[in-house]
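Report on the following structure.
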Amino acid sequence: MVIGHALPSIRLSAPAEPDSPLVVYLRDPAGAVHTVVDHALRWITMWGLTAGSATAVALITLSWARWWWRRRCRQELARDARLVSVLPPPAADPAGAEALWANLLGLLRPAWRRRLAGQPHLAWEYVFDHETMRLRMWVPGVIPPGMVERAVEAAWPGARTRTTPAPSLLSAPGQKTEASGGDLRLARTEALPIRTDFPADPIRALLGAAVGLGPHEQAVVQVLARPVTGRRVKKARRAARRTRAGRSARPIGNLLDLITPGQHARPRTRRTTSLVDRQTTMTAATEDKVIVAKQRGASYETRIRYVVSAAVPEDLSADKNAATRDLLRGRCHSIASAFATFTEHNYYRRGRLRHPLPYLAERRLDKGDLLSIPELAAVGHLPWDEAVPALQRAGARAVPPPPGIATTGPSVRPIGLTDSGHARPVGLRVPDARHHVHILGATGSGKSELMARMILADAAAGRGLVVVDPKGDLITDILMRLPEELAEKVVLFDANSKSRPPVINPLEGADTARTVDNLVSIFSRVYASSWGPRTDDILRAGLLTLRELPGTPVLTDLPKLLSVPAFRQRAVEQVHDDVLRGFWSWYDALSGPARAQVTAPLMNKVRGFLLRPFVRDALAGGSSTVDMDQVLDGGICLVRIAKDALGTETSHLMGSVVVGRTWQAATRRAHVPQGRRRDAGLYLDEAHNFLNLPYPLEDMLAEARGYRLSMTLAHQYLRQLPKELEEGISTNARTKIFFNASPEDARHLTRHTEPRLNAHDLSNLDAFHAAVRPVVGGAESPAFTVVTEPLPPAVPGRASKIRAAARRNVHPKPLATGRAPGRPGAVDPRRAP
Numbered sequence: 107m108v109i110g111h112a113l114p115s116i117r118l119s120a121p122a123e124p125d126s127p128l129v130v131y132l133r134d135p136a137g138a139v140h141t142v143v144d145h146a147l148r149w150i151t152m153w154g155l156t157a158g159s160a161t162a163v164a165l166i167t168l169s170w171a172r173w174w175w176r177r178r179c180r181q182e183l184a185r186d187a188r189l190v191s192v193l194p195p196p197a198a199d200p201a202g203a204e205a206l207w208a209n210l211l212g213l214l215r216p217a218w219r220r221r222l223a224g225q226p227h228l229a230w231e232y233v234f235d236h237e238t239m240r241l242r243m244w245v246p247g248v249i250p251p252g253m254v255e256r257a258v259e260a261a262w263p264g265a266r267t268r269t270t271p272a273p274s275l276l277s278a279p280g281q282k283t284e285a286s287g288g289d290l291r292l293a294r295t296e297a298l299p300i301r302t303d304f305p306a307d308p309i310r311a312l313l314g315a316a317v318g319l320g321p322h323e324q325a326v327v328q329v330l331a332r333p334v335t336g337r338r339v340k341k342a343r344r345a346a347r348r349t350r351a352g353r354s355a356r357p358i359g360n361l362l363d364l365i366t367p368g369q370h371a372r373p374r375t376r377r378t379t380s381l382v383d384r385q386t387t388m389t390a391a392t393e394d395k396v397i398v399a400k401q402r403g404a405s406y407e408t409r410i411r412y413v414v415s416a417a418v419p420e421d422l423s424a425d426k427n428a429a430t431r432d433l434l435r436g437r438c439h440s441i442a443s444a445f446a447t448f449t450e451h452n453y454y455r456r457g458r459l460r461h462p463l464p465y466l467a468e469r470r471l472d473k474g475d476l477l478s479i480p481e482l483a484a485v486g487h488l489p490w491d492e493a494v495p496a497l498q499r500a501g502a503r504a505v506p507p508p509p510g511i512a513t514t515g516p517s518v519r520p521i522g523l524t525d526s527g528h529a530r531p532v533g534l535r536v537p538d539a540r541h542h543v544h545i546l547g548a549t550g551s552g553k554s555e556l557m558a559r560m561i562l563a564d565a566a567a568g569r570g571l572v573v574v575d576p577k578g579d580l581i582t583d584i585l586m587r588l589p590e591e592l593a594e595k596v597v598l599f600d601a602n603s604k605s606r607p608p609v610i611n612p613l614e615g616a617d618t619a620r621t622v623d624n625l626v627s628i629f630s631r632v633y634a635s636s637w638g639p640r641t642d643d644i645l646r647a648g649l650l651t652l653r654e655l656p657g658t659p660v661l662t663d664l665p666k667l668l669s670v671p672a673f674r675q676r677a678v679e680q681v682h683d684d685v686l687r688g689f690w691s692w693y694d695a696l697s698g699p700a701r702a703q704v705t706a707p708l709m710n711k712v713r714g715f716l717l718r719p720f721v722r723d724a725l726a727g728g729s730s731t732v733d734m735d736q737v738l739d740g741g742i743c744l745v746r747i748a749k750d751a752l753g754t755e756t757s758h759l760m761g762s763v764v765v766g767r768t769w770q771a772a773t774r775r776a777h778v779p780q781g782r783r784r785d786a787g788l789y790l791d792e793a794h795n796f797l798n799l800p801y802p803l804e805d806m807l808a809e810a811r812g813y814r815l816s817m818t819l820a821h822q823y824l825r826q827l828p829k830e831l832e833e834g835i836s837t838n839a840r841t842k843i844f845f846n847a848s849p850e851d852a853r854h855l856t857r858h859t860e861p862r863l864n865a866h867d868l869s870n871l872d873a874f875h876a877a878v879r880p881v882v883g884g885a886e887s888p889a890f891t892v893v894t895e896p897l898p899p900a901v902p903g904r905a906s907k908i909r910a911a912a913r914r915n916v917h918p919k920p921l922a923t924g925r926a927p928g929r930p931g932a933v934d935p936r937r938a939p
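Remember, the working numbering sits 106 above the position in the sequence shown when you count from 1.
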């Protein structure tokens, strides 16, 4: 019944179209399915090829863009890159390397900047050749200047750094470079550490492996490192977890675990541990402990490369070229083997570099191994051993100046530039310079250049100057650079000049007794080795007698007084002192041979300097033409008395006379109100030669400050000074500037520079490198180091113009003698018939 009623209902429906999918399917179900599948395959093929092509193009474009961006980032790092050469101190602290790498974690960029431009890396390099070993650090240009240098010097106190632009590695003309190299990677998972605890220097084997290089060979070991965080650290921790779970840390290891037969390791549990032998259990426990310890601190991504190269002629034969390559490979094996020292839970496995020189020059760090700071410090550090062949050590440490040091200005005497941190000028304020300056250093260390800069600064500021130079170079440097407008102030004594010098008569003065005592004291100290009481007595009586004569007393009359009876008789007639007349009565009572015997020690000394035209004209040429009072009030007196022109003793005598007259002029300032006393400077090069004065030096230095006369004393070593003189300078010349000193002197001088600078620092200062312990605001400040600046270029023809003006400046100056030129009826024996 149901079926019968259904059939009519089907017939009553509308007939299907003959080409509809349903009719086709009902007519031929299998053919319809095949048709649908065929259309689907064609559609998938067509659109799949299109999508695949687009995807491939996109992937290629992205790959190229990534390669181009990474190349651009590497170029940015290499642009303006620099090499920081590191000079180790005498003894390098092993803990300094950890301090350095911990400090350099500050190079880590923010996350957005790391993703955009990458993280800069550093390269710690050991460089060997046949003569030297050098330590240096390659620093990208994007890192601020001075940051790495300060970190190195802070990590190893006493270390020095020198920064130069990073050169390109190119072969010399007519030569080519053969090279062999490799890189070192961790053999096991980076979660396991290498050895870091050593009783001796771990790079000792590396230093020995590079010994014996040929004249044209070079070996470089680079430790490339950059601080990491974020995803790179998470990746390492995942590797550590896999290692602790017993699985391989590398993807290739996981794949091999899946396809290799056998029972795979499972996580260690209390149940399975009992089935493993005791040694395996202890090893696993130890590895777990060191993995956790390595992950506690900061990390660096590192890579180690080594390259040995040799410069060979371009026309070298094939056999010799092959022999050279074999030799280089052998040296590479030796260097790589030195890193076996670091084997412990992990170790280094070497690989070969196909193109070592480009890798060496680019210092590229793509992917590397993660090392903790103690691990990196064990690989890249200064040698611990004090005696490393061919390693250049640092000299003195670089110490920054304390706060309050003057820089520049008209009231500042320049000293130099700081050599720690950012270079800036430092100087000594004029009020502080009144406490006097002591300069000590070996020949050629830079004393004269420093004094010349101070003298030029004083001259430009209008301060009075008296400069005594026993060698001549200091005065020559000043004359070639002195401003031309100051020429009218210059008074020049030059022993090598043929023109007549100015006159500075030592017998002139307001006080006869003091003038004679000063001159006798100078003679006795200059000729101390052959001076006796009788010689002293004869010189004193002769000078007092010459002071009694009318007119201007001069030293050239002394030989006539002692040897010509008629001149002596007329001179004694002018004497009214009974004691002095008694001396001449005794003298006349001697026989001729006896008088010659007692006067011979004095006559050979007096004739010794009077026979030199320059000294005779300068000291006995009549009335003085130099007014030292005017010189101290803004003039310039330059005394060039080279020993080769005058002799040692005559040079000392001449210089001491100038210093004595300068001091007499300074003491006359006691009659001038203190506010009106102008600052002046007395500069003595080889000062020990010109301090043969009757005044105790300690008194001079103490009193000169009140007269606003600052003294700058320079010499070479302490034993040049008598004990009393050394103690006086040590106490009262309060600003100390020490250039390179002998080890013996350095031990004594450290009393002024410790604790900042020790004896090693003072005895290892470079040329033009000085230790300064200044007076600042009247108080002594801590010592620091500076590099003195070179003199400005000499002005052609300037010295000739200054000399010509100095010759015009010679005019007689009326100086009081303390008595009338002559009494009524007095007869001048020099003019008597």
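Backbone N, C-alpha and C fix where the C-beta goes; we use that ideal spot for every residue, glycine too.
Here the structure is a predicted model, which means the values were calculated and not measured.
- Message: I need the DSSP call for Ile-747, collapsed to helix, strand or coil.
- Response: coil
- Message: So, with DSSP's three-state summary, where would you put Val-778?
- Response: DSSP places Val-778 in coil when its eight states are reduced to three.
- Message: My assumption, with CB atoms under 8 Å, is that Tyr-454 sits in contact with Ala-293. Please give the rounded CB distance.
- Response: 7 Å
- Query: Which full runs of the alpha helix (DSSP H) of 4+ residues lie inside the stretch 676-744, going along the chain?
  - Reply: With a minimum length of 4 residues, the continuous alpha helix (DSSP H) runs that stay inside the stretch 676-744 are 684-695, 698-716, 719-726 and 734-738.
- Task: Would you identify the three-state DSSP class for His-866, choosing helix, strand or coil?
- Result: Helix at His-866.
- Item | Cβ neighbours of Glu-481 in the same chain (closer than 7 Å, five flanking residues each side left out) | Within the same chain, Glu-481 has close Cβ partners Pro-299, Ile-300 and Thr-302.
- Would you be able to state if there are at least three C-beta pairs under 8 Å between the stretch 756-763 and the stretch 578-596? no
- Taking 8 Å as the CB-CB cut-off, is Val-532 touching chain B? Here chain B cannot be found, since the structure has a single protein chain.
- Close beta carbons around Ala-504, own chain, < 7 Å, minus the five adjacent residues each side: Glu-259, Arg-266, Asp-525, Ser-526 and Thr-891
- Query: Quick one: what does DSSP say Lys-842 is sitting in, helix, strand or coil?
  - Reply: strand
- Have a look at Trp-153 and Ser-159 and give me their C-alpha separation to the nearest angstrom. So the two alpha carbons sit approximately 10 Å from each other.
- Contacting residues, own chain, Cβ-Cβ under 6 Å from Arg-722 (five flanking each side not counted): Leu-716
- Message: Going by DSSP in three states, Thr-379 sits in which element: helix, strand or coil?
- Response: Because the pLDDT at Thr-379 is just 44, under 50, the model does not fix this residue reliably, and the point stays unresolved.
- Item | Cut-off 6 Å between Cβ atoms - residues of its own chain near Ser-415, not counting five sequence neighbours on either side | Thr-283, Ala-285 and Gln-324
- Query: Leu-165 and Val-248: beta carbons closer than 8 Å?
  - Reply: No, Cβ-Cβ distance for Leu-165 and Val-248 is not below 8 Å.
- Quick one: residues in its chain with C-beta nearer than 8 Å to the C-beta of Ala-839, no 5 flanking neighbours on either side, listed in chain order? His-541, His-542, Val-543, His-544, Leu-807, Met-817 and Leu-819
- Leu-661 and Leu-613 look like a contact to me (Cβ under 8 Å); what is the Cβ gap, rounded to whole Å? 7 Å
- Is the Cβ-Cβ distance between Ala-272 and Trp-244 less than 8 Å? Result yes, Cβ atoms of Ala-272 and Trp-244 sit closer than 8 Å.
- Does the stretch 642-649 touch the stretch 611-630, meaning 3 or more C-beta pairs lie closer than 8 Å? Touching, per the Cβ criterion.
- Message: If distances are taken between C-alpha atoms only, which option among Arg-177, Pro-802, Gly-615 and Leu-313 comes closest to Asp-472?
- Response: Comparing Cα-Cα distances from Asp-472 to each of Arg-177, Pro-802, Gly-615 and Leu-313, the minimum goes to Arg-177.
- Item | Contact the stretch 695-709 vs the stretch 632-643: 3+ CB pairs below 8 Å | yes
- Alpha carbon of Leu-459 to alpha carbon of Asp-432, nearest angstrom: A straight-line Cα-Cα distance of about 15 Å links Leu-459 and Asp-432.
- Item | Exposure of Pro-250, with buried meaning 16 or more beta-carbon neighbours within 10 Å | exposed
- Could you check which residue in Asp-564, Gly-547, Arg-718 and Ser-551 has the C-alpha nearest to that of Leu-534? Taking the Cα of Leu-534 as reference, the smallest distance to any Cα among Asp-564, Gly-547, Arg-718 and Ser-551 is reached at Asp-564.
- Thinking just about the alpha-carbon of each residue, which of Arg-701, Arg-291 and Pro-509 is nearest to the one in Pro-880? Pro-509
- Below 6 Å CB to CB, which residues in the same chain sit around Thr-375 once its five sequence neighbours on both sides are set aside? Note that Thr-375 scores 45 on pLDDT, short of 50, meaning its location in the model is unreliable; the coordinates nonetheless yield the value given after this. No residues qualify anywhere along the chain.
- Item | DSSP-derived helix/strand/coil call for Gly-368 | Per-residue confidence for Gly-368 stands at a pLDDT of 49, beneath the threshold of 50, marking its modelled position as unreliable; the derived number appears in the next sentence. Reduced to three states, the DSSP call for Gly-368 is coil.
- May I ask you to report which of helix, strand or coil DSSP gives Ala-876? Taken through DSSP and simplified to helix, strand or coil, Ala-876 comes out as strand.
- Go ahead and pull the three-state DSSP assignment for Met-586. coil
- Helix, strand or coil: which one does DSSP assign to Lys-282? strand
- Message: Could you check whether Ala-331 and Leu-246 sit closer than 8 Å to each other, using their CB atoms as the reference points?
- Response: Note on identity: in this sequence residue 246 is Pro, with Leu being the wrong assignment. No, the pair does not count as a contact, with Cβ atoms beyond the cut-off.
- Item | Among Thr-731, Ala-748 and Leu-523, nearest to Glu-895 - alpha-carbon criterion | Leu-523
- Considering Phe-448, what are the terminal residues of the alpha helix (DSSP H) in which it resides? Careful: Phe-448 lies outside any alpha helix (DSSP H) and carries neither H nor E.
- Message: Once DSSP output is grouped into helix, strand and coil, what is the label at Asp-475?
- Response: Note: Asp-475 maps to strand in three-state DSSP.
- Task: Under 8 Å Cβ to Cβ from Pro-665, same chain only, skipping five residues before and after it: list those, please.
- Result: Met-709, Val-712, Arg-713 and Leu-716
- Do the CB positions of Phe-844 and Leu-546 come within less than 8 Å of each other? yes
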